[in-house]
Structure formats: structure tokens, C-alpha cells
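Peer 1:
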Amino acid sequence: MKKNTFLPFIIVFVAGCSGEPTTPIAEKTVNDQFAEQLPDSTNVIPYSVHTDIAAVKKITPSHLSIGQLKKRLKPGTQVFTWSAETDTLITCKKGTVVYLPKGCLQLNGNLSSVQIEVQEYYSFSDFLSEELSTISGNRLLETGGMVYVSVQQDGQSVGLKKGGQYALYFPKKAENVSDSMQTFYGSRNEAGIVTWRLKTKAWGAKEPGIAVQGTYTQQKGATVNFNQNKLEEMRIAFNEKAMDQIEEAELNYYVLNVSSFGWVNCDRFWNVKEQLIDYVVSVDGTSDMNINIIFKDIRSILPAVKQNGKYVFKNVPVNSRVKLVGISYDGKQPALSVAHTTITQQGYQLDGFRSFTLQELKKALNSL
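Structure representation (C-alpha cells):
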């Protein structure tokens, strides 16, 4: 029987969400048996937690505007404290892994610890909460997940050094396995929608995502010390050494080189063979309205652009199976309409709006 061995883990349990003050939590102890496997230099890192009040509310969201509804859907902000003196791997709540090599930050001699803040966006309700699209220029994308990463030191934002890099691991999903995932950076357009641009340089060349496969002992919110100085050495170690040492659960990640904090998307371009059209959705009334298309055959979401009283989805492939999710707000009560249809030149009339709970909205967005 193969002997069980483990990479040294630094345990950090994190519960998260945005909007509430950060509360420091005492360090957790490591049991004696586990501690024997840790090197002498390994310390348990303290962490912080945000309390998420909105996420537990399931009542009908009466009198909430569309913007307020989106805030209720936002995922948590996870906060990790890092000394920045060692190469570190951070595992987040939804499975994202952040690799931060020693010396990657522009700290200007400040030796204080830094706070790594991570927000993970994997579900369609997550995407809606921040108006996250899957589009780059005029081209549609298929996403493997999106994150927002920021670093703070003594209350001030910290960036990477010139030429600095870190890595993001996105867990692969069975419904969108691809060898062509790449790094995209996000910014908001004039309509407030986050769109994406392809990273064109990673150590001098365009760098696609690398699919890393093997087995992994999942410990949510854990931080792992990984003593490799270069990302390429870290990849090799993950494939050849770490995978032989950990047996209990599967690791299935895309690894992306990243040279900027902020919005990062693990995506590939959707090479559409069908004709692209502007798909028009009509609705009755003049209420405030938010309509999104969710594609059923790939992980892609697109918000509509309002033109001449109608809602237009630009450059979408005809004959695609989609779900239309519309939220209206008349100043008193939000209402929801969901329609399953196929994109045609004729467009669609969206009606049947009704009241809903937050749980019903999440289900409507995330179930196909």
C-alpha cells in the first residue's frame, strides 16, 4: 500500500463576504500528529473574516432596486494575512489557489504583513452581482472562473514589482474542460459592465493556461508554503512531487501566469461557426430592467444593451440554446422572468414577470 504523505500546510479557515467590518480571529492550533509533518519554519498564519448577513436572507426582496439585489448576490471577500517573506500558496473557499512568490510585491522596504483579499466568481449569480460579462472586444468567451485579487499593507494598496508575476489556479469543471484557457484582465466599460482583454505577455510571450491534473487533499482556506523560487519550478514540483505525495482528493486546475491585481478571468475565445446576429428582446412597460443571456452549451453570460426601448445582445451565434433572465423594478417591487429559448432572427418577447425570493433568483440563474 502506498504510504500517505502530505505537503506542509498552514491552516487558515476563512468565511467570507463583503460589506461588514473585518474582525481579527485568533490563531488556530495544529494537532500534534499533524505538527510533526511541518518544518520548523512553518507558522500558523492569523486570518480575518467578514460576516455575510445578506447571503442568509431568503425572504422576498421587496422594495430592493436591481442594484441592491445584485449586492445581495455578491460572494464573500476572503482575507489572508501573509508575511511576504516566503513563497506561499493560498487555497480559497471555492477552490481558487493563489501562488505568491517571495519578493513579488512592491513594498519599498516596509516589513509589515500584507492582507491578500480574494473574491471568487464561478456561478452565474456571482457574475450577475458584478455585471461580469464573457466578452472581449466583439468576441464571446467561455469562462473557467473569475476572481478579484487585491493586496493591502497598512491600509494602502500594494502592487507588483516591475516584471512581477504570480499565479492563479482555477479548478477545472467537467462542463468546460479545454486546453486553450488563457489569462484575461477586466475593466468596466461606460455601461458599468466588466469586459475583458487578453494578456499578451507573460515573461515575454503569450501564456496559455496549463492544465494540472493529479490528486490533492482539499483543505478550504488553507495556505501552503511551497519552496520554489520560480513559477516554472513550482509547476514541475506540483506535477512530479506534490502529486505523488497527496492521495485523497482530486486536483484539476488551470494555472495562469498573472502580472496584475484586480479582475482576472480564466477564459478561452469561443470559436463560433454559426452566423452572428444582434438578438433583440422586447418587454412591455417602462420599468427599470436588467436582462442577461446565459448560454446552455458553454459557460458564457452576456448582459443586454438597451437601444430604442429594446434590449439587444450583439454578435451572438444564431441557433444557440439560451436562457433569458430578466429582472424588472417599478420602484416598488422587483419581478423576475425566465425563458428558455433558441436565438433566432425573430428575437423574443419576454413577459410573465413575477415576484421572487433571493433563493429563487439564484436557482433561476444557476440551473440550466
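Residue numbering for the sequence shown is 6 to 373, as defined by the working numbering.
Where a beta carbon is used, it is the ideal one built from N, C-alpha and C, also for glycine.
For F189, which beta-bridge partners are listed by DSSP?
Peer 2: The sequence position of residue 189 within the sequence shown is 184, counting from 1. In DSSP, F189 forms a bridge with L203 and N270.
Peer 1: Does the pairing of the stretch 356–369 with the stretch 100–120 give three or more beta-carbon distances under 8 Å?
Peer 2: Not touching, per the Cβ criterion.
Peer 1: By a C-beta neighbour count over all protein chains shown, 10 Å radius and 16 as the cutoff for buried, is E387 buried or exposed?
Peer 2: The chain is shown only over 6 to 373; residue 387 falls outside these bounds and no answer can be derived.
Peer 1: Candidates W268, I121 and G142: which alpha carbon is nearest I95's?
Peer 2: Position 90 of the sequence shown, counted from the start, is the residue given in the question as residue 95. It is I121 whose Cα lies nearest to the Cα of I95.
Peer 1: With DSSP run on the structure shown, which of helix, strand or coil describes Q312?
Peer 2: Start at 1 with the first residue of the sequence shown, and residue 312 comes out as number 307. In this structure, Q312 counts as strand in the three-state DSSP scheme.
Peer 1: Answer with buried or exposed for E125, where buried requires no fewer than 16 other C-beta atoms within 10 angstroms of its C-beta.
Peer 2: Translated into positions along the sequence shown, residue 125 becomes position 120. When all chains shown are included, E125 counts as buried.
Peer 1: Return the CA-CA distance between S292 and K76, expressed in angstroms with no decimal places.
Peer 2: The residue you call residue 292 lines up with position 287 of the sequence shown. The residue you call residue 76 lines up with position 71 of the sequence shown. Approximately 20 Å between the Cα atoms of the pair.
Peer 1: By the DSSP assignment, the alpha helix (DSSP H) with R77 in it spans what residues?
Peer 2: Here residue 77 is taken as the residue at index 72 of the sequence shown, counted from 1. I71 to L78 is the extent of the alpha helix (DSSP H) around R77.
Peer 1: Can you grab the Cα-Cα spacing for the pair G357 / V260, in whole Å?
Peer 2: The residue labelled residue 357 in the question sits at position 352 within the sequence shown. The residue labelled residue 260 in the question sits at position 255 within the sequence shown. Rounded to the nearest angstrom, the two C-alpha atoms are 43 Å apart.
Peer 1: Use the C-beta contact count for K204: other C-beta atoms within 10 angstroms, 16 or more gives buried, fewer gives exposed.
Peer 2: Sequence index remark: in the sequence shown, residue 204 carries index 199 (1-based). K204 is buried by the Cβ-count criterion.
Peer 1: Straight-line CA distance for G331 to L116?
Peer 2: Numbered from its first residue, the sequence shown carries residue 331 at position 326. Numbered from its first residue, the sequence shown carries residue 116 at position 111. Distance between the alpha carbons of G331 and L116: 49 Å.
Peer 1: Could you tell me the distance, in whole angstroms, from the CA atom of R273 to the CA atom of E147?
Peer 2: Here residue 273 refers to the residue found at position 268 of the sequence shown. Here residue 147 refers to the residue found at position 142 of the sequence shown. Approximately 5 Å, taken between the alpha carbons.
Peer 1: Does the Cβ of T93 have 16 or more other Cβ atoms within 10 Å, making it buried, or fewer, making it exposed?
Peer 2: Reading the sequence shown from its first residue, position 88 is the one you call residue 93. Burial state of T93 is buried, judged by a 10 Å Cβ sphere holding 16 or more other Cβ atoms.
Peer 1: Quick one, which of G168, W275 and T139 has its alpha-carbon nearest S185's?
Peer 2: Numbered from its first residue, the sequence shown carries residue 185 at position 180. Checked all of G168, W275 and T139; the closest Cα to S185 is W275.
Peer 1: Grouping DSSP H, G and I as helix and E and B as strand, with all else coil, what is D131?
Peer 2: Counting from one through the sequence shown, the residue named residue 131 turns up at place 126. For D131, the secondary structure class from DSSP, reduced to helix, strand or coil, is helix.
Peer 1: In terms of DSSP beta bridges, what is R144 paired with?
Peer 2: Position 139 of the sequence shown, counting from 1, holds the residue named residue 144. Note: R144 sits in a beta bridge opposite S141.
Peer 1: Under 8 Å by Cβ, that's how I've got K301 and L373 pegged, so tell me the actual separation to the nearest angstrom.
Peer 2: Looking up residue 301 in the sequence shown gives position 296. Looking up residue 373 in the sequence shown gives position 368. That belief holds up - the Cβ atoms of K301 and L373 are roughly 5 Å apart, short of 8 Å.
Peer 1: So V154 packs on V199, CB below 8 Å; how close in whole Å?
Peer 2: As a first step, residue 154 is located in the sequence shown; it is residue number 149 there, counting from the start. As a first step, residue 199 is located in the sequence shown; it is residue number 194 there, counting from the start. Rounded, the Cβ-Cβ distance is 14 Å, inconsistent with contact.
Peer 1: For the beta strand (DSSP E) containing E125, name the first residue and the last one.
Peer 2: Here the question's residue 125 lines up with position 120 in the sequence shown. Residues V119 to Y126.
Peer 1: Looking at C-alpha atoms only, which residue of K177, F85, N143 and F129 is the closest neighbour of Q158?
Peer 2: For the purposes of this step, residue 158 is identified with residue 153 of the sequence shown, where counting begins at 1. The option with the nearest alpha carbon to Q158 is F85.
Peer 1: Can you find the residues in the same chain that come closer than 6 Å, C-beta to C-beta, to E365, ignoring five residues on each side of it along the sequence?
Peer 2: Here residue 365 refers to the residue found at position 360 of the sequence shown. Counting only Cβ-Cβ distances below 6 Å, and skipping sequence neighbours, we find nothing.
Peer 1: Would a C-beta distance cut-off of 7 Å place V285 and I296 closer than the cut-off?
Peer 2: Here residue 285 corresponds to residue number 280 of the sequence shown, with the count starting at 1. Here residue 296 corresponds to residue number 291 of the sequence shown, with the count starting at 1. No, these two residues do not count as a Cβ contact at 7 Å.
Peer 1: Does the distance from the C-beta atom of Q170 to that of N262 stay below 7 Å?
Peer 2: Looking up residue 170 in the sequence shown gives position 165. Looking up residue 262 in the sequence shown gives position 257. Yes; because the gap between Cβ atoms is below 7 Å, this pair is in contact.
Peer 1: For Q170, name the three-state secondary structure that DSSP assigns.
Peer 2: On the sequence shown, residue 170 is found 165 positions in, with the first residue counted as 1. The answer is coil: DSSP assigns Q170 none of H, G, I, E or B.
Peer 1: Expressed to the nearest angstrom, what Euclidean distance is found between the alpha-carbon atoms of G191 and V288?
Peer 2: Mapped onto the sequence shown, residue 191 falls at position 186. Mapped onto the sequence shown, residue 288 falls at position 283. Near 30 Å, if we compare the C-alpha coordinates of V288 and G191.
Peer 1: Just the C-alpha distance for N257 and S325, rounded to the nearest angstrom, thanks.
Peer 2: Position 252 of the sequence shown, counting from 1, holds the residue named residue 257. Position 320 of the sequence shown, counting from 1, holds the residue named residue 325. Their Cα atoms are separated by approximately 29 Å.
Peer 1: Looking only at C-alpha atoms, which of N320, L112 and Y104 sits nearest to S162?
Peer 2: For this step, residue 162 is matched to residue 157 along the sequence shown. For S162, the nearest C-alpha among the options comes from L112.
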